[in-house]
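*Asks:*
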Amino acid sequence: MNVSTCNYRNGSTRRGSGFTLVELLVVITIIGVLISMLMPAVNAARESANRASCSNNIKQLALACLNYDQSWKALPCACTQTGTWLERCNGNGVQPLPTNQRENWVIMILPYIEQTALFNSFVEKFEENNANHANATAIGDKKFEHLREIELPVMKCPSDANNRIPYTYNVDNTKWARGNYGANMGLTLADYLGHDTWWTNTGARGVMGPRHSLSTGEISDGTSNTILLAELRSGLSAKDIRGTWSMGGAGSSATCRNGYICGDDNGPNYLVEGSDDIYQCSSSGMGIVSKERQRLKMPCGEGTNSNRQATTRSMHQAGVMTAFVDNSVHFISDNIQTRSSFGENETNVRNNTEFSVWDCINLSSDGKSLNNADF
Numbered sequence: 132m133n134v135s136t137c138n139y140r141n142g143s144t145r146r147g148s149g150f151t152l153v154e155l156l157v158v159i160t161i162i163g164v165l166i167s168m169l170m171p172a173v174n175a176a177r178e179s180a181n182r183a184s185c186s187n188n189i190k191q192l193a194l195a196c197l198n199y200d201q202s203w204k205a206l207p208c209a210c211t212q213t214g215t216w217l218e219r220c221n222g223n224g225v226q227p228l229p230t231n232q233r234e235n236w237v238i239m240i241l242p243y244i245e246q247t248a249l250f251n252s253f254v255e256k257f258e259e260n261n262a263n264h265a266n267a268t269a270i271g272d273k274k275f276e277h278l279r280e281i282e283l284p285v286m287k288c289p290s291d292a293n294n295r296i297p298y299t300y301n302v303d304n305t306k307w308a309r310g311n312y313g314a315n316m317g318l319t320l321a322d323y324l325g326h327d328t329w330w331t332n333t334g335a336r337g338v339m340g341p342r343h344s345l346s347t348g349e350i351s352d353g354t355s356n357t358i359l360l361a362e363l364r365s366g367l368s369a370k371d372i373r374g375t376w377s378m379g380g381a382g383s384s385a386t387c388r389n390g391y392i393c394g395d396d397n398g399p400n401y402l403v404e405g406s407d408d409i410y411q412c413s414s415s416g417m418g419i420v421s422k423e424r425q426r427l428k429m430p431c432g433e434g435t436n437s438n439r440q441a442t443t444r445s446m447h448q449a450g451v452m453t454a455f456v457d458n459s460v461h462f463i464s465d466n467i468q469t470r471s472s473f474g475e476n477e478t479n480v481r482n483n484t485e486f487s488v489w490d491c492i493n494l495s496s497d498g499k500s501l502n503n504a505d506f
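When we follow this note's numbering, the leftmost residue of the sequence shown carries the number 132, and every step to the right adds one.
In structure tokens:
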């Protein structure tokens, strides 16, 4: 008699082919460890690519400024107020605000960065109903709204995600596109730098000021020793004016008073609370309290109402990208030698004594000798 038997072994059941929960957790842990090991390398590669792109951008902008100098026998002005369109910059100073300024250095070089059509649109609006070209409409006028909104890729450092957020002017809620590069005005207040007495002071001026500028031949320290353009960070919020490419003034499209004369915004990425003096810097104006601005490494002076002081700032690690007047690009360390005038004799300072390396590369006529190893 045939007897059927059950297909089992020693009373145990057959094991399935899938992972156990413990094995799955081990695999997930291993993958997590591998990712954590790889992420620094991925981030480093991304930042290296961003720095290369940023370096290329600032070099293109510097070349455009130098081509402008070839055409007009002077570099573009950091910002202007009144007077003949594109005249050689000179005259009175300006408190850089949207309501009282005209073209800035970025608008002036638009034809040299393949933006001639945009430049012509600005010219048309500035000269509209202005027969003598003496009282052109301010850049803050609504007629410029659609021009100010235009994104310029060459003005954007890819490391700064905030440059994707347009600035919103608190008066009429119009939008202004962002940028990350600023003209070197010099080491005194933007509103003072426009006056002849300040611009002729070799212990104060940079290369492009309000209604003033130098030709490359007038930079007595040498084009290889003087900053032309430096990085800026775009504002932390839509109400933070910093990094607004079509608006002149410190912080928006220029650096200014970021050395020995004041001392409270002294050097790249300076972190003393209240250092940048820029328009509408307040907890209510920006929607960001002072301690948070400090934590995010974008401090500014509470209650300031004009763009008159700002240093160079960057999202790169431990330094900023700069372009010198000879069109060379240098990454300047946050640890570059700086000097404060607080508690010191400012008369001696202005007689060109004891400038720091940082002061020297911002000043165009301080008479100090440097080499690349210094910065």
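All residues carry an ideal CB built from backbone N, CA and C; glycine is no exception.
What you are looking at is a predicted structure, and each value in this text was computed from that prediction instead of being measured.
1. Flag this pair as yes or no: are the beta carbons of LEU100 and ILE240 separated by less than 9 Å?
2. Would you kindly work out how many angstroms separate the C-alpha atoms of CYS387 and ALA381, rounded to a whole number?
3. Roughly how many angstroms separate the alpha carbons of VAL451 and ILE463, rounded to a whole number?
4. Where does the unbroken beta strand (DSSP E) through VAL488 begin, and where does it stop?
5. Any contact between the stretch 411–427 and the stretch 343–359? By contact I mean 3 or more CB pairs, one from each, below 8 Å.
6. What ranges does the alpha helix (DSSP H) occupy inside the stretch 231–295, keeping only unbroken runs of at least 4 residues that lie completely in it?
7. Measuring CB to CB, does SER167 end up less than 9 Å from SER290?
8. Rounded to the nearest angstrom, what separates LEU165 and VAL158 at their Cα positions?
9. Does the contact criterion of 3 or more C-beta pairs under 8 Å hold for the stretch 235–254 versus the stretch 180–199?
10. Extract the residue ranges of the beta strand (DSSP E) inside the stretch 163–192, only unbroken runs of 3 or more that lie entirely within it.
11. Can you give me the C-alpha to C-alpha distance between GLU477 and ILE281, rounded to a whole angstrom?
12. In whole angstroms, what is the alpha-carbon distance linking ALA369 and THR211?
13. Using DSSP's beta-bridge definition, name the partner residues of LYS306.
14. Under three-state DSSP, which class holds GLN201?
15. If I measure Cβ to Cβ from ARG233 and keep anything under 7 Å in the same chain, skipping five residues before and after, which residues do I get?
16. What is the rounded straight-line gap between the Cα of TYR312 and the Cα of LEU155?
17. Note down the Cα distance separating LEU360 from ASP303, rounded to an integer number of angstroms.
18. Provide the residue(s) that pair with TYR312 in DSSP beta bridges, ordered along the chain.
19. Within 10 Å of its beta-carbon, does ALA449 have 16 or more other beta-carbons around it, so buried, or fewer, so exposed?
20. Do the CB positions of THR319 and ARG336 come within less than 9 Å of each other?
21. SER377 and ALA454: beta carbons closer than 9 Å?
22. Who are GLY340's beta bridge partners in DSSP?
23. Based on Cα-Cα distance, which residue from LEU278, ASN251, ARG364 lies nearest to ASN294?
24. Would ARG373 be called buried (16 or more neighbouring beta carbons within 10 Å of its own) or exposed?
25. Could you say which of GLU178, GLU362, THR375, ASN493 lies nearest to ASN400 if we only look at CA atoms?
26. Measure the alpha-carbon distance for THR375 versus TYR298 and round it to whole angstroms.
27. Can you tell which of CYS412, SER414, ASP407, GLN468 has the C-alpha that lies nearest to the C-alpha of THR443?
28. Using beta-carbon positions only, say whether LEU494 and GLY334 come within less than 9 Å of one another.
29. Restricting to Cα atoms, I'd like to know which of LEU501, GLN440, LEU402 is closest to PRO341.
30. Is CYS196 helix, strand or coil when you go by DSSP?
31. Which residues bound the beta strand (DSSP E) around MET378?
32. Start and end of the alpha helix (DSSP H) containing PHE414?
33. Can you say whether LEU345 is buried or exposed, counting buried as having 16 or more other CB atoms within 10 angstroms of its CB?
34. Beta carbon of SER384, beta carbon of TRP236: below 9 Å?
35. What is the rounded straight-line gap between the Cα of LEU278 and the Cα of LEU249?
36. Tell me the DSSP secondary structure of GLY348 in three-state form.
*Replies:* This is what the structure holds:
1. Given a span of 132 to 506 for the chain in the structure shown, any question on residue 100 remains unanswerable.
2. The straight-line gap from Cα to Cα measures roughly 6 Å.
3. Those two C-alpha atoms are separated by around 5 Å.
4. VAL488 -> not in any beta strand (DSSP E); alpha helix (DSSP H) instead, spanning 488–493.
5. Judged by pairs of C-beta atoms under 8 Å, the stretch 411–427 does not touch the stretch 343–359, as fewer than three such pairs exist.
6. Listed in chain order, they are 236–239, 247–258, 276–279.
7. In this structure, SER290 does not lie closer than 9 Å to SER167 by Cβ.
8. C-alpha separation (whole angstroms): 11 Å.
9. Contact between the stretch 235–254 and the stretch 180–199 is present, because at least three Cβ pairs lie under 8 Å.
10. Listed in chain order, there is nothing to give.
11. Because GLU477 sits at a pLDDT of 44, beneath the cut-off of 50, its placement in the model cannot be relied upon, and the point is left open.
12. Between ALA369 and THR211, the alpha-carbon positions lie close to 25 Å from each other.
13. In DSSP, LYS306 forms a bridge with THR299.
14. GLN201: helix per DSSP, three-state reduction.
15. Excluding residues within five positions, the ones whose Cβ falls inside 7 Å are THR211, GLN212, PHE257, ALA267, ALA269, ILE270.
16. In this structure, the alpha-carbon of TYR312 lies about 50 Å from that of LEU155.
17. Those two C-alpha atoms are separated by around 30 Å.
18. GLU362, per the DSSP bridge assignment.
19. When all chains shown are included, ALA449 counts as exposed.
20. Using a Cβ distance threshold of 9 Å, THR319 and ARG336 count as a contacting pair.
21. At a Cβ-Cβ threshold of 9 Å, SER377 and ALA454 do not count as neighbours.
22. Bridge partners of GLY340: HIS343.
23. Comparing Cα-Cα distances from ASN294 to each of LEU278, ASN251, ARG364, the minimum goes to ARG364.
24. With 16 or more other Cβ atoms within 10 Å, it is buried.
25. Among GLU178, GLU362, THR375, ASN493, the Cα nearest to that of ASN400 belongs to GLU362.
26. Rounded to the nearest angstrom, the two C-alpha atoms are 7 Å apart.
27. The residue with the shortest Cα to Cα distance from THR443 is ASP407.
28. Contact: yes.
29. When only C-alpha atoms are compared, the closest one is GLN440.
30. Residue state, collapsed to three classes: helix.
31. Here MET378 belongs to no beta strand (DSSP E), and DSSP marks it neither H nor E.
32. The sequence shown places Ser at residue 414, not Phe. SER414 -> alpha helix (DSSP H) spans 414–417.
33. It counts as buried.
34. Using a Cβ distance threshold of 9 Å, SER384 and TRP236 count as a contacting pair.
35. Rounded to whole angstroms, LEU278 to LEU249 spans 7 Å at the Cα level.
36. Reduced to three states, the DSSP call for GLY348 is helix.
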